[in-house]
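Novice: Before anything else, here's the structure in question.
There are 2 protein chains.
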Amino acid sequence: MNKKLLVVGTMAYDAIETPFDKIDRILGGAATYIALASSKFNTDCGLVSVIGDDFAAQDLRKLTDLGVDVSGVETVKGGKTFFWHGRYHDDMNTRTTMDTQLNVLADFTPVVPPEFRDSNVVMIGNLHPAVQNSAVDQLHAEQQFIILDSMNFWMENFKDDLDQVIRKVDLITINDEEARILSGEFSLPKAAEKIHALGPRYVIIKKGEHGAMLFGEGKIFIAPAYPIDQVVDPTGAGDSFAGGLAGLLAQADTIDFECLKQALVVGSVFASFTVEAFGVTAIEQATSTQIQKRVDAFRALTSFEWNNALLNL
Amino acid sequence: MNKKLLVVGTMAYDAIETPFDKIDRILGGAATYIALASSKFNTDCGLVSVIGDDFAAQDLRKLTDLGVDVSGVETVKGGKTFFWHGRYHDDMNTRTTMDTQLNVLADFTPVVPPEFRDSNVVMIGNLHPAVQNSAVDQLHAEQQFIILDSMNFWMENFKDDLDQVIRKVDLITINDEEARILSGEFSLPKAAEKIHALGPRYVIIKKGEHGAMLFGEGKIFIAPAYPIDQVVDPTGAGDSFAGGLAGLLAQADTIDFECLKQALVVGSVFASFTVEAFGVTAIEQATSTQIQKRVDAFRALTSFEWNNALLNL
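Those protein sequences? They're chains A and B, same order as listed. Take the first sequence: its position 252, counting from 1, is numbered 252 in my numbering, and each next residue is one higher. Take the second sequence: its position 18, counting from 1, is numbered 1018 in my numbering, and each next residue is one higher.
Spelled out as structure tokens, the structure:
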């Protein structure tokens, strides 16, 4: 029997500008990327989100074609899907939000379908922390592994709500800037220590093109980003990372530090596909063979033999 | 018989400002850091540089106490030592140069002592490329491994001189911004490819707190920075990295990609000591035991077992 994975988060249409190109309207949203990525695994993946009736049937089919259960996606009649417009800077690693139209997201109350309340792994994408909390409160399996994403806006404006949900989760995945804001510490090892104290046993700090760091059980693991020749659109990289991570974790009988290391590596590989094309196209189309090939290459990229005779001090 | 390592580069006094502290005058200079780091290895290390007669005897003793041969260090009577004043930004990873006084460096003509002309490994620190070239032209061993550092200023203003020296070296170590300037490519793998075409078989791109990448023999290796709790002063991190790297390479009978991977790891460890205190203090005082301990920890930080059953796609 397949393990179950629940994804809660936004579905959206995005407008994206990079220094090299722009696109006016394209399928996006954290949960879309997460679900597309994690659906690559043999897992029963359920999605909880909200869309307007402007959401194209063909876009929903991208998810159902990959086996994602969309019974938890609410369609608001007469409503418009969440819209985000971002502009990437020359470094392609930082961006400015030009416009955010919450639309149907403004009144989103997630309802987790009964058959996904006991999911083995739950990935709660970036949302208002009170909304995240209401989703978490519907869960009821023992030894459920809950992963939370968040962002600086919630940390700065809804810290109490965030504190409530953060203490219920096993793992938080945030970027370096957010880790610094959440903890008030500049040093990432120190930041992780403070974040552990808020609840999560494990902390993953994403650094975009510079990879990611995993903290937990008193240990640190660092994985680089998978190097690619050309970044076309960084949108969804962090969410594809989270989706690959959650998908792998959902295969494991026991989730521990060793298992999380592998999940970090797979997450990096998944993110590397996403950034190679605009929107969800590249992660949607990545094949098992391509994924396996990059995982193998990743190991070569980071592994080294150690001949201690050369450390002739 | 010990292998021989030659270091050519600047010795300096630095003024350093960080968001947390400042210091008016402290021993610095690329070659100082490189020589202090590489002298940790059982290698005959020779230093070629220039100082004014304001250079403190006790500062020179820091080098000779660690076994560095300073017969190639010219003292200019009545001259003042090169002075650099830098201010680090809040991220502690970028900085602004507030003042540069070349002083005796303006007329520096390096003379490599005859006994170091056949050094096994030669590390040419950041200098005017014409000066670098004149040092390289004095070398005469077969299978000598030459490492070059440079910076954006030379790339932008003395490209012809740089082209002359760059084609004679085996390895170039530069940072990500410099790699992009030198190659005209944003993508680091593409940048490395273009730089290979200029001469160096191996390219190391340093990314400060984000680690370093090694390119060569059609392969890539990526090492993170060794994570530390608090960066006090990043000055000399890249040079300590280069010194650790060169010191390890000088132990090897054959320098190949595998050996360079180890050198990258050791370089990262050496840099991690340097940034923990102002100036050269921390790298000067790092013991063999401390270095070995961080090298062992580094392996744990980056290594992972791979259970392909979890990649259940």
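Where is the CB? At the ideal position from N, CA and C, for every residue including glycine. Treat the numbers as computed from the prediction; the structure is a model and nothing was measured.
With a threshold of 16 other CB atoms inside 10 Å of the CB of residue 288(A), please say whether the residue is buried or exposed.
Specialist: As a working note, residue 288(A) is residue 288 in the first sequence. That one is exposed.
Novice: Spell out the partners DSSP gives residue 368(A) in its beta bridges.
Specialist: In this structure chain A extends from 1 to 313, so residue 368(A) is not present and cannot be described.
Novice: Can you pull the chain B residues whose beta carbon is under 9 Å from the beta carbon of residue 303(A), in chain order?
Specialist: On the first sequence, position 303 is the one that residue 303(A) refers to. Within chain B, the residues near residue 303(A) are 1221, 1261, 1302, 1303, 1304.
Novice: Once DSSP output is grouped into helix, strand and coil, what is the label at residue 94(A)?
Specialist: Translated into positions along the first sequence, residue 94(A) becomes position 94. Three-state DSSP puts residue 94(A) in coil, outside helix and strand.
Novice: So, with DSSP's three-state summary, where would you put residue 258(A)?
Specialist: Working through the first sequence from its first residue, we reach residue 258(A) at position 258. The answer is helix: DSSP assigns residue 258(A) an H, G or I state.
Novice: How would you write the range of the alpha helix (DSSP H) that residue 38(A) sits in, first residue to last?
Specialist: Locating residue 38(A) in the first sequence gives position 38, counting from the first residue. Per DSSP, residue 38(A) belongs to the alpha helix (DSSP H) from 30–38.
Novice: What's the gap between the Cα of residue 82(A) and the Cα of residue 44(A)?
Specialist: For this step, residue 82(A) is matched to residue 82 along the first sequence. For this step, residue 44(A) is matched to residue 44 along the first sequence. Each residue's Cα considered, the two are about 26 Å apart.
Novice: Within this structure, are the beta carbons of residue 269(A) and residue 255(A) separated by less than 8 Å?
Specialist: Translated into positions along the first sequence, residue 269(A) becomes position 269. Translated into positions along the first sequence, residue 255(A) becomes position 255. Result no, Cβ atoms of residue 269(A) and residue 255(A) do not sit closer than 8 Å.
Novice: Whole-angstrom Cβ separation of residue 143(A) and residue 1312(B), contact assumed at under 8 Å?
Specialist: Translated into the one-based positions of the first sequence, residue 143(A) becomes position 143. Translated into the one-based positions of the second sequence, residue 1312(B) becomes position 312. With 8 Å as the limit, residue 143(A) and residue 1312(B) do not qualify as a contact, their Cβ atoms being about 19 Å apart.
Novice: Could you spell out where the alpha helix (DSSP H) holding residue 1183(B) opens and where it closes?
Specialist: For the purposes of this step, residue 1183(B) is taken as the residue at position 183 of the second sequence. Unbroken alpha helix (DSSP H) run through residue 1183(B): 1176–1183.
Novice: With distances taken from CA atoms, which of 1119(B), 1286(B), 1195(B) is nearest residue 1069(B)?
Specialist: Walking along the second sequence from the start, residue 1069(B) turns up at place 69. Minimum Cα distance to residue 1069(B) is reached at 1119(B).
Novice: For a test of the three-state rule: what should DSSP assign to residue 1062(B), helix, strand or coil?
Specialist: Walking along the second sequence from the start, residue 1062(B) turns up at place 62. Three-state DSSP puts residue 1062(B) in a helix.
Novice: Along chain A, which residues have their Cβ under 9 Å away from the Cβ of residue 1211(B)?
Specialist: Within the second sequence, residue 1211(B) is the residue found at index 211, counting from 1. 210, 211, 222, 224, listed in chain order.
Novice: Pull out every residue of the region 1264–1283 of chain B whose Cβ sits closer than 9 Å to any Cβ of chain A, in chain order.
Specialist: Residues 1264, 1265, 1266.
Novice: Would you call the region 42–60 of chain A and the region 258–269 of chain A touching, i.e. three or more CB-CB distances under 8 Å?
Specialist: no
Novice: Please list the partners that residue 1291(B) has in chain A, where partner means a Cβ-to-Cβ separation under 9 Å.
Specialist: Numbered from 1 along the second sequence, position 291 holds the residue referred to as residue 1291(B). What residue 1291(B) touches in chain A: 311, 313.
Novice: Is it true that the region 1094–1102 of chain B meets the region 1021–1028 of chain B, where meeting means three or more beta-carbon pairs spaced less than 8 Å apart?
Specialist: no
Novice: What are the start and end residues of each continuous alpha helix (DSSP H) run of 4 or more residues lying completely inside the region 1222–1282 of chain B, in chain order?
Specialist: Those alpha helix (DSSP H) runs which fall completely within the region 1222–1282 of chain B and span 4+ residues are 1237–1249, 1257–1274.
Novice: Taking beta-carbon pairs under 9 Å, can you tell me which members of the region 1031–1057 of chain B lie near chain A?
Specialist: 1040, 1041, 1042, 1043
Novice: Shorter than 8 Å from the beta carbon of residue 1188(B) to some beta carbon of chain A?
Specialist: The count along the second sequence starts at 1 and reaches residue 1188(B) at position 188. It does: the Cβ of residue 1188(B) has a partner Cβ on chain A nearer than 8 Å.
Novice: Could you tell me whether the Cβ of residue 1229(B) comes closer than 8 Å to any Cβ of chain A?
Specialist: As a first step, residue 1229(B) is located in the second sequence; it is residue number 229 there, counting from the start. Taking Cβ atoms only, chain A reaches closer than 8 Å to residue 1229(B), which makes this a yes.
Novice: Using a Cβ-Cβ cutoff of less than 7 Å, which residues in the same chain neighbour residue 151(A) once the five nearest sequence positions on both sides are dropped?
Specialist: Start at 1 with the first residue of the first sequence, and residue 151(A) comes out as number 151. The answer, listed in chain order, is 126, 178.
Novice: Apart from the five residues on each side of it in sequence, which residues of its chain come closer than 8 Å, Cβ to Cβ, to residue 1034(B)?
Specialist: Sequence index remark: in the second sequence, residue 1034(B) carries index 34 (1-based). Cβ-Cβ distances below 8 Å link residue 1034(B) to 1007, 1009, 1123, 1125, 1239, 1240, 1242, 1243, 1246 in the same chain, with the five nearest sequence neighbours on each side left out; the list follows chain order.
Novice: Inspect the beta-carbon positions of residue 1226(B) and residue 1214(B) and report whether they are closer than 8 Å.
Specialist: Here residue 1226(B) refers to the residue found at position 226 when the second sequence is read from its first residue. Here residue 1214(B) refers to the residue found at position 214 when the second sequence is read from its first residue. Going by C-beta atoms, residue 1226(B) is not nearer than 8 Å to residue 1214(B).
Novice: Thinking C-alpha only, which one of 103(A), 186(A), 168(A), 212(A) is nearest residue 197(A)?
Specialist: Start at 1 with the first residue of the first sequence, and residue 197(A) comes out as number 197. Per the Cα distances, 168(A).
Novice: List, in chain order, every chain A residue whose beta-carbon is nearer than 8 Å to that of residue 1207(B).
Specialist: The residue given as residue 1207(B) occupies position 207 in the second sequence. Those within 8 Å of residue 1207(B) in chain A are 210.
Novice: For residue 173(A), which residues does DSSP report across the bridge?
Specialist: Within the first sequence, the letter at position 173 stands for residue 173(A). DSSP lists 149(A), 204(A) as partners of residue 173(A).
Novice: Compute the Euclidean distance between the alpha carbons of residue 14(A) and residue 1232(B), then round it to the nearest angstrom.
Specialist: Counting from 1 along the first sequence, the entry for residue 14(A) is found at position 14. Counting from 1 along the second sequence, the entry for residue 1232(B) is found at position 232. Looking at the two C-alpha atoms, the distance is approximately 41 Å.
Novice: Compare the beta carbon distance of residue 280(A) and residue 32(A) with 8 Å and say whether it is the shorter of the two.
Specialist: Residue 280(A) sits at position 280 when you count from the first residue of the first sequence. Residue 32(A) sits at position 32 when you count from the first residue of the first sequence. Result yes, Cβ atoms of residue 280(A) and residue 32(A) sit closer than 8 Å.
Novice: Given a cut-off of 8 Å on the beta-carbon distance, is the pair residue 90(A) and residue 1189(B) in contact?
Specialist: By 1-based counting over the first sequence, the position of residue 90(A) is 90. By 1-based counting over the second sequence, the position of residue 1189(B) is 189. In this structure, residue 1189(B) does not lie closer than 8 Å to residue 90(A) by Cβ.
Novice: Using a C-beta cutoff of 8 Å, does residue 248(A) count as contacting chain B?
Specialist: For this step, residue 248(A) is matched to residue 248 along the first sequence. True, the Cβ-Cβ gap to chain B drops below 8 Å.
Novice: My understanding is that residue 1170(B) touches residue 1145(B), with C-beta atoms under 8 Å, so please give their C-beta distance in whole angstroms.
Specialist: Position 170 of the second sequence, counted from the first residue, corresponds to residue 1170(B). Position 145 of the second sequence, counted from the first residue, corresponds to residue 1145(B). Right, their Cβ atoms sit about 5 Å apart.
Novice: Along chain A, which residues have their Cβ under 9 Å away from the Cβ of residue 1258(B)?
Specialist: Position 258 of the second sequence, counted from the start, is the residue given in the question as residue 1258(B). Here the neighbours are 304, 305, 307.
Novice: Output needed for residue 1161(B): all residues of its chain with C-beta closer than 6 Å, excluding positions within five of it in sequence on either side, in chain order.
Specialist: Here residue 1161(B) refers to the residue found at position 161 of the second sequence. So the qualifying residues of the chain are 1129, 1130.
Novice: With residue 1212(B) as the anchor, note down where its beta strand (DSSP E) starts and where it stops.
Specialist: Numbered from its first residue, the second sequence carries residue 1212(B) at position 212. Segment 1212–1216, the beta strand (DSSP E) holding residue 1212(B).
Novice: Applying a beta-carbon distance threshold of less than 7 Å, which residues of chain A neighbour residue 1251(B)?
Specialist: Numbered from its first residue, the second sequence carries residue 1251(B) at position 251. Simply 310, 312.
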